[in-house]
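Number of protein chains: 2
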Amino acid sequence: MPTVVATIIPLAGRLDDVEAVLRDLAPQVHQEDGCEKYALHRGRDRIVVIERWRDGAALGAHGQGPAIKTMGQRLAGLVSAAPDVQILEPVEAGDPARGRI
Amino acid sequence: MPTVVATIIPLAGRLDDVEAVLRDLAPQVHQEDGCEKYALHRGRDRIVVIERWRDGAALGAHGQGPAIKTMGQRLAGLVSAAPDVQILEPVEAGDPARGRI
């Protein structure tokens, strides 16, 4: 059950544009097989997506799928680097209601 | 409803030790007022905590509270830098069941 934290840092002044791209594509990603969470967040200078996938195969298919391809095309010119993608595994601890996303 | 992504990068060979500290303290954090999520994750070289707090006041109290103080004491010698703490706000998009943590 991989969890992903993907960080996208826009070029100066393009945070709203990057957020709009991610908002547009979220419904399509939510319909992908094995997508359990794909939750957008905004920081001062970045968009961070917190994701949870059923398994590594579902995450792999997402990475090769049409939504990511469109995203890459639409983010060109709005960012200076590829997203930072951290692939993580949950660690069980404490209260399950609070200890899992 | 602030969301936090806190990244802790251990010194070489100390990932298991850092994970143990966070696991020990998670139940205490889960009982703090306003803690909605405090979910531990492990990557190849890091521990990442994904957190959600009721409001900024609850997050502020957590940052000044006894669990964080103990954590700082126990992590001394296991890490070379303070955690990277990103404070974010959720962006609503798509299916609410998948679009929020």
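Protein chains in written order, with the working numbering: chain A, 28 to 128; chain B, 28 to 128. Cβ coordinates follow ideal geometry from the N, Cα and C atoms, glycine included.
Could you check whether His68(B) and Asp122(A) sit closer than 7 Å to each other, using their CB atoms as the reference points?
no
Closer than 7 Å, Cβ to Cβ, to anything on chain B: give me those residues from the region 81-113 of chain A, in chain order.
Gln113
In three-state DSSP terms, what is Ile74(A)?
strand
Any idea which residues DSSP pairs Pro4(A) with across the strands?
No answer is possible for residue 4(A): the residues shown for chain A start at 28 and end at 128.
By a C-beta neighbour count over all protein chains shown, 10 Å radius and 16 as the cutoff for buried, is Arg71(A) buried or exposed?
exposed
Can you give me, in chain order, the residues of the region 53-74 of chain B that have a beta carbon less than 7 Å from any beta carbon in chain A?
Ala53, Pro54, His57, Cys62, Glu63, Lys64, Tyr65, Ala66, Leu67, His68, Arg69 and Gly70
So what does DSSP say about Asp43(B), is it helix, strand or coil?
helix
Tell me the residue span of the beta strand (DSSP E) that contains Ala120(A).
Per DSSP, Ala120(A) belongs to no beta strand (DSSP E) and is neither H nor E.
So what's Ile128(B) in DSSP terms, helix, strand or just coil?
coil
Taking 7 Å as the CB-CB limit, is Pro29(B) close to chain A?
no
Arg50(B), DSSP secondary structure in three states
helix
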